[in-house]
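Numbering (my numbering), first residue to last: 61 to 1167.
By construction, the Cβ of each residue, glycine as well, lies at the ideal position given by its N, Cα and C atoms.
Values in this document were obtained by computation on a predicted structure and should not be read as measured data.
Since the structure comes first, as structure tokens, the remarks are kept for the end.
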């Protein structure tokens, strides 16, 4: 079920008329044409170019390319400026065009599907999907895709039940029931054709799949419909031979279309850093351009006085300097790395694919057919890959996120008797025990309430009976009722069938008042087999206790609820009420009137329902256990050791959460750490309550503490700055009894107060606000549907997968992507700034030292592959190293500015300038003072250009190789391939006709390669250029090693037994899986590291926390 928000105001929608297409067309309903493409065939080029040049960096290179085509503004060839931007646009165009063609074919296929339309009595017509219109009545058969939103009018199934599969909408493969409106259940096709002139009213479309209100106006009568009678487009008809459906919403009005809107765009902090870096690169670029122009002006100003007689006289030095500035703009534009964006896109695509195919992020489960199925991670975006590596706060739901959401009935309390379920029907055994006296009537009603008050559906597989429901609580209650002799066997629209004591009993359903997040309870009004009318209710204690009759003892009920909650059980209060005939008739009249409204129907219905949900008779309290997911305690322990603070935000009771807190999150963790480190962690737990919360905020607390509070406290203190300061400084926070909206508010406030990367994780529709407000939203494919997963940035199967997602995929993406940006900037500074130093020799005449094609191939071929391979394959420590030593994540957090700050790029700017000076000066000195030809002639610019190109490319490749933290086979292949392509490119430019406009290399390359000295010079150039980086890296590793370097040494010494080994496949939920994942997610005990530095650092931290 999708989480449903209360509609603020529900106004009408144009009236839909039966069998009157002309009249419906006057209402201007949208057509049913499906169009997901962004372009029209005649506008593709124009719109594509417009979208591309909205980005400043693309517009910058376009302007440079245009200026390069003007001879008066450019001293060189325009090829070097035009080719890069053309390659980038071509790459983007092909990708966009491929995507558009794929969407066009998919749209055409759906629009051309043929459907049968009911035109009149025994009269049918075939119609294409795109020609279907509101008011049409379609005849759909089994396995057909539903093309529009609609309401079923008739079906071949018993009691008007229609089965649909909504896998395309929410990923759920289990079948859902939709019902034919009760007034239409017995009608035939011929009778439906008599609806000519009748109409249907509904509310405007919204994106909520579980929200629908409509009214049939048949003659003088009105019949209401709800979401139970609504079939959305995109679902598939299953187990239903034939169905007649009234078309309600078409095209852009369908729920599917409304859910296709673009989600809120999130930006990673490293993206913001990249934008700042581009700005800095542009500023540096313009500084170099201005400096070159001023140098040109200074060099040639004296020429006007005739001092440089051998250079043609410049009549207007100011105009000449102005024109030269554009030439320098073309020459130095490549200081802004044009290939960086392409490299990042490739890198992030590879990173997403590795997440999808990562076996450690997959689970093995049984599908509905009973076959084993492997399901893995689904990254919906690559933008936030590196943001995962900066996570400092995790705000998590509890039920279904940390637990399995597989409920088991464990205890109940009836008339003060506490019964423990051992799998043999504890209630009926207690009822049949002749030695005990008790009120059997209450126990009997308690069992009836469990067997009747739900929306579950029985499912027989042979003789085995199971239950399906959107709520796992209901499945647990039905199973417990079955164990105690009240077996739920069949459900129709108006009837529930039970087997009680071997006899079949039928219960007539009058009204179902479903559970919502606002009501926090469910009620059902039924007529029992003995003729009595009864109201059965179940729900949370906060909403149920106030509804009890005056004779009940609220304090006794609350004590029982708290007792169960302290054992970690989810609690439900059950109650009932016998309704008299007169009250029943009055209620039904009011209820039917409220249900027939279009505007404010839900508000009116809730008001009517509240009149009957009162003076309830307390039946008992049931305690339901939700088993913890495999590997959760070990994962939480690891994340906390990695410096990540975990907040749990849940709707559960405080007592239930405190049990979880003590017995899962803290007892296990504190004991393990104390045993392994010799540390005593005095972690105080402060629990706020509404009475003392203002005073507690003012008190002095110990240094290391955790906080527990509920919605009442939050509502009182949410504007209190001291309260938030206490929460942010705590080790962990637990907030209970919160609504879905408050989850989003808390996430938003934590982001604002801390300015840290916050991760939100949940599994249900009530967690969507939490997920969307977070910096990184993680959705879990849960038992309650996939709406959280669909709304997230990354969807995983289990909470334990966070460990690898953060410690490995996030860590590596952060390092890789930031390194790509740094290296892209560095290599261009190194190679292009040589042009500036050459300007000193050429009087800043805007003469290029390089061949035009060399500059283009340098960016696109010679040095483009190493950044991509680094972004895809470079790993500093493998996952098992990061898992065993989670403290390495603390280093990432502490050095976050290294990845997202501008200062991180200053080193590479300075280092690029240093290498450019070394390469030019050494090349110029050698070429200018040595003999390279057998004839004895000294060569000049051609040899200098070729030698600097060879040395520069090799120097850059070696420098990028030194930045690699850990080599692998694929990285080596990438670098070797890049080197080979560099040599091939230089040879082609030298010897292939028309590739070289200046002709600098055609003779020089052959001449240089003949000289033995050339190879020595290149090696010397590279060694001198990389010496500072080599010395820096060596000293850092030997004298001040980082945590990852220590872990590398440990791995090199001890090895990783699990690394490279095929992991065993276990069925989720099995005993073997529990044991395996408990060990798999567990970090290595600190005393096993054998590293004094790490133990000392951790011990110091622990002592500080204790003090």
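- Item | Assigned exposure category for residue 1020 - 16 Cβ within 10 Å defines buried | Position 960 of the chain shown, counting from 1, holds the residue named residue 1020. Taking every protein chain shown into account, the CB of residue 1020 has 16 or more other CB atoms within 10 angstroms, so this residue is buried.
- Can you name the start and end residues of the beta strand (DSSP E) that residue 779 belongs to? Position 719 of the chain shown, counting from 1, holds the residue named residue 779. Premise fails: residue 779 is in no beta strand (DSSP E) and is neither H nor E.
- Item | Beta-carbon proximity check, residue 91 vs residue 190, cutoff 8 Å | The sequence position of residue 91 within the chain shown is 31, counting from 1. The sequence position of residue 190 within the chain shown is 130, counting from 1. A contact, by the Cβ cut-off of 8 Å.
- Could you pull out every unbroken alpha helix (DSSP H) segment of at least 4 residues lying fully inside the segment 1009-1095, listed in chain order? 1029-1051 and 1064-1070
- Item | Euclidean distance between Cα positions of residue 5 and residue 1105 | With the chain covering 61 to 1167 only, the question about residue 5 has no answer from this structure.
- Closest Cα partner of residue 1037 within the set 122, 926 and 1070: By 1-based counting over the chain shown, the position of residue 1037 is 977. Considering only 122, 926 and 1070, the residue with the shortest C-alpha distance to residue 1037 is 926.
- Item | residue 796: first and last residue of the uninterrupted beta strand (DSSP E) it sits in | For this step, residue 796 is matched to residue 736 along the chain shown. Here the beta strand (DSSP E) through residue 796 covers 792-796.
- Query: Whose CA, out of 654, 393, 501 and 163, lies closest to the CA of residue 284?
  - Reply: Working through the chain shown from its first residue, we reach residue 284 at position 224. For residue 284, the nearest C-alpha among the options comes from 654.
- Three-state secondary structure (DSSP) at residue 284? In the chain shown, the residue the question calls residue 284 occupies position 224. Correct three-state label for residue 284: strand.
- Query: Short check: CB of residue 1064 to CB of residue 1002, under 8 Å?
  - Reply: Translated into the one-based positions of the chain shown, residue 1064 becomes position 1004. Translated into the one-based positions of the chain shown, residue 1002 becomes position 942. It is a contact, given that the beta carbons lie within the stated cut-off.
- Query: Where does residue 166 land, buried or exposed, given buried means 16+ other C-beta within 10 angstroms?
  - Reply: Numbered from its first residue, the chain shown carries residue 166 at position 106. Looking at its Cβ environment, which holds fewer than 16 other Cβ atoms inside 10 Å, residue 166 is exposed.
- Task: Quick one: residues in its chain with C-beta nearer than 7 Å to the C-beta of residue 811, no 5 flanking neighbours on either side, listed in chain order?
- Result: Within the chain shown, the letter at position 751 stands for residue 811. Taken in chain order, the residues that qualify are 818 and 835.
- Query: Is the segment 170-179 in contact with the segment 273-288, if contact means three or more CB pairs nearer than 8 Å?
  - Reply: Not touching, per the Cβ criterion.
- Item | Per-residue DSSP class, three states only, for residue 184 | To locate residue 184, count along the chain shown from 1; it is residue 124. Strand, per DSSP.
- Can you tell which of 259, 1137, 863 and 920 has its C-alpha closest to the C-alpha of residue 1042? Walking along the chain shown from the start, residue 1042 turns up at place 982. If we check each option's Cα against that of residue 1042, 920 comes out closest.
- Task: Could you work out which residue in 277, 963, 878 and 1097 is closest to residue 401 when comparing CA atoms only?
- Result: Position 341 of the chain shown, counted from the first residue, corresponds to residue 401. With distances taken between Cα atoms, residue 401 lies closest to 878.
- Message: Rounded to whole angstroms, what is the Cα-Cα separation between residue 676 and residue 590?
- Response: Locating residue 676 in the chain shown gives position 616, where the first residue counts as 1. Locating residue 590 in the chain shown gives position 530, where the first residue counts as 1. Rounded to whole angstroms, residue 676 to residue 590 spans 20 Å at the Cα level.
- Query: Shortest alpha-carbon distance to residue 708 belongs to which of 286, 792, 1095 and 702?
  - Reply: Within the chain shown, residue 708 is the residue found at index 648, counting from 1. If we check each option's Cα against that of residue 708, 792 comes out closest.
- Query: Are the beta-carbon atoms belonging to residue 597 and residue 673 less than 8 Å from one another?
  - Reply: What you label residue 597 is simply residue 537 of the chain shown in a count that begins at 1. What you label residue 673 is simply residue 613 of the chain shown in a count that begins at 1. Yes; because the gap between Cβ atoms is below 8 Å, this pair is in contact.
- Beta-bridge partners of residue 439, as assigned by DSSP: Residue 439 sits at position 379 when you count from the first residue of the chain shown. Looking at the DSSP assignment, residue 439 forms a beta bridge with 854.
- Query: Buried or exposed: where does residue 794 fall if 16 or more other Cβ atoms within 10 Å of its Cβ makes it buried?
  - Reply: Numbered from 1 along the chain shown, position 734 holds the residue referred to as residue 794. Counting Cβ neighbours within 10 Å, residue 794 comes out buried, since at least 16 surround it.
- Sequence-distant residues of its chain with Cβ nearer than 6 Å to residue 854 (five each side left out): Taking the chain shown and counting its residues from 1, the one referred to as residue 854 is at position 794. If we look at residue 854 and ignore the five residues flanking it on each side, its Cβ neighbours are 439 and 838.
- Task: Within its chain, find whatever has a CB closer than 8 Å to the CB of residue 97; leave out the 5 residues flanking it on each side and keep chain order.
- Result: Here residue 97 refers to the residue found at position 37 of the chain shown. Taken in chain order, the residues that qualify are 160, 163, 164 and 167.
- Item | Residues of its chain near residue 75, where Cβ-Cβ distance is below 6 Å and the 5 sequence neighbours each way are ignored | Here residue 75 refers to the residue found at position 15 of the chain shown. Same-chain partners within the cutoff: 259 and 261.
- Determine the direct distance from the alpha carbon of residue 631 to that of residue 475, and round the result to whole angstroms. In the chain shown, the residue the question calls residue 475 occupies position 415. In the chain shown, the residue the question calls residue 631 occupies position 571. Approximately 16 Å, taken between the alpha carbons.
- Task: Mind checking which residues open and close the beta strand (DSSP E) that includes residue 478?
- Result: Residue numbering aside, residue 478 sits at position 418 when the chain shown is read from its first letter. Where residue 478 is concerned, the enclosing beta strand (DSSP E) stretches over 477-480.
- Item | Beta-bridge partners of residue 636, as assigned by DSSP | Mapped onto the chain shown, residue 636 falls at position 576. In the DSSP output, where bridge partners are listed per residue, residue 636 has 596 and 677.
- C-alpha gap between residue 413 and residue 1112, whole angstroms: As a first step, residue 413 must be located in the chain shown, where it is residue number 353. As a first step, residue 1112 must be located in the chain shown, where it is residue number 1052. Roughly 28 Å between the two C-alpha positions.
- Put residue 193 into one of helix, strand or coil per three-state DSSP. Locating residue 193 in the chain shown gives position 133, where the first residue counts as 1. DSSP places residue 193 in coil when its eight states are reduced to three.
- Message: Please tell me whether residue 506 and residue 634 are closer than 8 Å, where the distance is taken between their beta carbons.
- Response: Walking along the chain shown from the start, residue 506 turns up at place 446. Walking along the chain shown from the start, residue 634 turns up at place 574. Cβ atoms of residue 506 and residue 634: closer than 8 Å.
- CB of residue 1222 within 8 Å of CB of residue 453, strictly: In this structure the chain extends from 61 to 1167, so residue 1222 is not present and cannot be described.
- Query: Taking the alpha carbon of residue 624 as the point to measure from, which residue in 114, 601 and 417 has its own alpha carbon closest?
  - Reply: Taking the chain shown and counting its residues from 1, the one referred to as residue 624 is at position 564. Of the listed residues, the one whose Cα sits closest to residue 624 is 601.
- Query: By Cβ distance, which residues of its chain are closer than 8 Å to residue 376, with the 5 residues on each side in sequence left out?
  - Reply: Within the chain shown, numbered from 1, the residue matching residue 376 stands at position 316. So no residue of the chain qualifies.
- Item | Sequence-distant residues of the same chain with beta carbon closer than 7 Å to residue 463, five excluded per side | Along the chain shown, one-based indexing puts residue 463 at 403. Same-chain partners within the cutoff: 686, 687, 688 and 689.
- Query: Mapping DSSP to helix, strand and coil, what is residue 261?
  - Reply: Residue mapping note: residue 261 aligns to position 201 of the chain shown, counting from 1. Residue 261: strand per DSSP, three-state reduction.
- Beta-carbon proximity list for residue 941, same chain, < 6 Å, skipping 5 on both sides: Position 881 of the chain shown, counted from the first residue, corresponds to residue 941. Cβ within range, chain order: 1107 and 1111.
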